[in-house]
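Structure, as structure tokens:
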Amino acid sequence: MATDDAVSRLVEALTLEEAGRLVSGTTDPAGRATGYLGGVDRLEVPPLTLVDGPLGVRIPGESATAFPAPIALAATFDADLAREHGAALGRETRAAGADALLAPGTNLIRVPQGGRNFEYFAEDPVLSAATAAGVVEGIESADVIATPKHYVANSQETDRATVSAEIGERALRELYLPSFRAAVAAGAGSVMSAYNRVNGTRMSDHRRLLTDVLKEEWGFDGYVVSDWYGTEGAVDAAAAGLDVEMPGVPMGDEADGADEPGDDGDDVEAGDDGTDGADGDDPADPLPPEIARGMPDPETCEPFDEALPAAVRDGSLPRERLDDMAARVLRTMDRVGLLDGDRAPADVDADAHRRLTFRVATRGSVLLENDGVLPLPADADVALVGPAVDEAVLGGGGSSETTPETTTTPREGLEARADGTVTVAPGHPPVEGISMFDFLGGDDVGGDGGDGENEPGEKETRESDDSADDPATDDAADLDAAVAAAEVADVAVVVVRDATTEALDRDGIGFPDRQDELVEAVAAAADRTVVAVAASGPVELPWHDAVDAVLLNWYPGQVHGDALAALLYGDADPGGRLPVTFAPESAYPTADRRRFPGVDGRVSHDEGVLVGYRWFDARDPDPTYPFGHGRSYAAFEYRDAALDVDEEGEEVGDVAVTVTVENVADRDGREVVQTYVRPPRVAGVDRPVREFAGAESVAVAAGGTETVTIRLDDLAFSRYDPEAGWTVDPGEYVVEVGRSARDARIELTVER
Ligand code: BGC
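Every letter in the sequence shown is one number past the one before it in our numbering, and letter 158, counting from 1, is 196.
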């Protein structure tokens, strides 16, 4: 690594124009990366390439590991696994020749319909923060720049480029900021600003949040990059603390490397405002209104290299600010070895990454219900039903789409594992994936290169759906055949899915098309019914009482079929617990349209800190499945719980919770021991009933015991007071040790 002095000398040597170009995003001349900074040839500063995204590396026409969705990673409640996952993402980024990964997405999941919930972690800030920190540490360990995004309060896709999140300081501090602060503390070299406004100010212009909070209060010394086409004017953004501005991404034919920096903008681009190129055929077509509401306006974006040198000359931007922007880019490049070429090796062990994705997919899967039907005996005769039997559900649409090298579908996974017969009768046509790229025209930048895999928004899928006369489609849709297969099988396994994309919120949290009808018909006919759910976030499961088991796999990525089979047959224990509350859509605070999607461009956050389980705890009725819920195939008992207050160590005041977990079943299993803090009632202060404070995921052998320790820091007991800052009210706090937000097994108390 070069010294700080060396970075300062480089900054001093930059001409105004060079400094402007260094912080101004352009198109990768090789047509590969999502974003590109050209470097400074004269000073031997190399280019910096940035690639999406949170589910794996996305480069046009190139394959990479398609990781399980980040929400599945969060469901493992395991920051160490998050670190391994991040390191694998980092290594793949390096191997692809890129320098910065546009991940993790760490916005709080506030809106159950949110189009990008699968890209994020949790409705709880402590879980989000722990997972984000793990992923960031992992990415940076591979000498790749992590880019936590989208800072901050980008909780919805509807009007994401214009909407103002109206949030009080307390909710901002307690809920929306912690995962970004944790990501910065974990060493993120970059932070991506969000498209939306917060309390009226566009995030790329938000001096208080970019400069005062992120840089000055948290000590962030990397660079803040805008979201793509995410600025409105250059000088205000630079003055507010934005360091790098990014234009849109060329797509389709334009993504062939022919584009040059400074191109005139005629391309079809992600980030298009809908004024041209809607379907790639007729440039005059406007975008369909629903997707237009999710896209930024390229016209407002002013390239930094054109505007900032002039602004320095006319005195509207201090040269020191431009130098600081350049220094932040150079320092961050230097930390990952880009200036002196001293970087971690760029090796990828593809098999090891496949095994890791399998581990994350199984450890993140949540067994919501099980009346004993699971695990299946190997010789069971299975009717395999549902629209998703022949696809590995990789993710949602948009900038996180990946192109896997290999996939296994549920059919392939079960056929390889089962000793009994597997009769496949889908009973429903494939559910059409959605991708924002389909609305924008051209081929998506990611995608699977047209190899026939059924990926979100991909053309093959749509064409087969559209061909009503196709006999294969008719067979697939034959509900009677599915019911007949279910009647004679020992067990019916129904694989259902939702569909979602960046730039568009789901129009509800029910399953698309006639999937509920299919599940109900099969459940009425079959002896036993298991539903395997591939979903982006909360979904309504109206039939959950009528079936024998519900296994939630989120978007499991390329290993879908293998992971599903291993879980169904008990080769793997479902290690996941819910990072989001499952409830009917009408029960969430965002059922009020002032809160989602907002009125007159403003989204009220007047639910304050009552997001997710905090809201359900404050009101009736009970959720369908609470935060933290999930079952193992084993059974656990908790004992010997104790609290230890650190009186003299380095973390004075921290509380360590220790508990012994016994596996009382005759099979090995994995438990996620969770802690929640119930604050004392203080006159005049409203606090949530309980707040998640930390967890430990632990494998416990059949009949064995494990003792786990969970450390709660001061923040676990604090609330944010807009006047006084973080405040611990004196009094007695109850620490719940348990299996979900609604399943405390042991209560301990501590005075603060
Ligand atoms: C998304 C970002 C992404 C960027 C580049 C934007 O539309 O919001 O998450 O990293 O595009 O693809």
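Beta carbons: idealized from backbone N, C-alpha and C, even for Gly.
Sequence-distant residues of its chain with Cβ nearer than 6 Å to residue i (five each side left out)
| i | result |
| --- | --- |
| residue 677 | 698 |
| residue 129 | 180 and 386 |
| residue 175 | 121 and 224 |
| residue 628 | 149 and 634 |
| residue 694 | 682, 747 and 749 |
Opening and closing residue of the beta strand (DSSP E) in which residue i lies
| i | result |
| --- | --- |
| residue 230 | 228-230 |
| residue 653 | Unbroken run through residue 653 is the alpha helix (DSSP H), 651-656; no beta strand (DSSP E). |
| residue 535 | 529-535 |
| residue 398 | Element bounds for residue 398: not the beta strand (DSSP E) but the alpha helix (DSSP H), 388-401. |
| residue 749 | 743-750 |
| residue 674 | 674-683 |
| residue 422 | 420-423 |
| residue 784 | 782-789 |
Delimiting residues of the alpha helix (DSSP H) encompassing residue i
| i | result |
| --- | --- |
| residue 519 | 517-526 |
| residue 553 | 553-563 |
| residue 362 | 357-373 |
| residue 709 | Here residue 709 belongs to no alpha helix (DSSP H); instead the beta strand (DSSP E) covers 707-716. |
| residue 55 | 54-60 |
| residue 46 | 42-51 |
| residue 330 | 327-330 |
| residue 350 | 342-351 |
| residue 122 | 117-133 |
| residue 451 | 448-455 |
Identity of the residue in the options nearest residue i by Cα
| i | options | result |
| --- | --- | --- |
| residue 266 | 241, 73, 156 and 441 | 73 |
| residue 655 | 71, 781 and 479 | 781 |
| residue 139 | 383, 164 and 228 | 228 |
| residue 639 | 569, 238 and 142 | 238 |
| residue 385 | 211, 515 and 125 | 125 |
| residue 581 | 553, 597 and 575 | 553 |
| residue 711 | 725, 779 and 767 | 779 |
| residue 220 | 145, 281 and 278 | 145 |
| residue 93 | 261, 152 and 177 | 177 |
| residue 597 | 477, 622, 442 and 661 | 442 |
| residue 187 | 217, 561 and 624 | 217 |
| residue 472 | 175, 432 and 449 | 432 |
| residue 546 | 567, 357 and 635 | 635 |
| residue 214 | 158, 196, 525 and 101 | 158 |
| residue 454 | 475, 438, 416 and 57 | 416 |
| residue 71 | 62, 96 and 626 | 96 |
| residue 555 | 575, 573, 518 and 543 | 518 |
| residue 285 | 356, 327, 342 and 245 | 342 |
Spatial neighbours of residue i in its chain, beta-carbon cut-off 7 Å, leaving aside the 5 residues before and after
| i | result |
| --- | --- |
| residue 419 | 458, 459, 527 and 528 |
| residue 259 | 366 and 369 |
| residue 663 | 406, 616 and 620 |
| residue 49 | 361, 364, 365 and 368 |
| residue 53 | none |
| residue 549 | 534, 536 and 577 |
| residue 637 | 631 |
| residue 192 | 145, 198, 232, 233 and 234 |
| residue 462 | 422, 427 and 449 |
Residues near residue i by beta carbon distance below 8 Å, same chain, minus five either side
| i | result |
| --- | --- |
| residue 452 | 420, 422, 460, 531, 599, 602, 603 and 606 |
| residue 608 | 412, 413, 414, 671 and 705 |
| residue 503 | Its pLDDT being 35, under 50, residue 503 is placed unreliably in this model, and the value from its coordinates should be taken loosely. Result list for residue 503: 467, 468, 470 and 511, in chain order. |
| residue 207 | 758 and 760 |
Residue i and residue j closer than 8 Å at C-beta
| i | j | result |
| --- | --- | --- |
| residue 263 | residue 185 | yes |
| residue 764 | residue 106 | no |
| residue 269 | residue 242 | yes |
| residue 136 | residue 378 | no |
| residue 160 | residue 224 | no |
| residue 329 | residue 541 | yes |
| residue 424 | residue 464 | yes |
| residue 771 | residue 717 | yes |
| residue 276 | residue 235 | no |
| residue 392 | residue 114 | no |
| residue 560 | residue 589 | no |
| residue 110 | residue 707 | no |
| residue 641 | residue 673 | no |
| residue 539 | residue 153 | yes |
Residue-level contact to chain C via CB, residue i, 8 Å cutoff
| i | result |
| --- | --- |
| residue 208 | Here chain C cannot be found, since the structure has a single protein chain. |
_Please give me, in chain order, every unbroken run of the beta strand (DSSP E) with length at least 3 that falls completely inside the stretch 169-235._
202-204 and 228-230
_To test your reading of the DSSP string, which unbroken alpha helix (DSSP H) runs of 4 or more residues are found completely within the stretch 584-626?_
598-606
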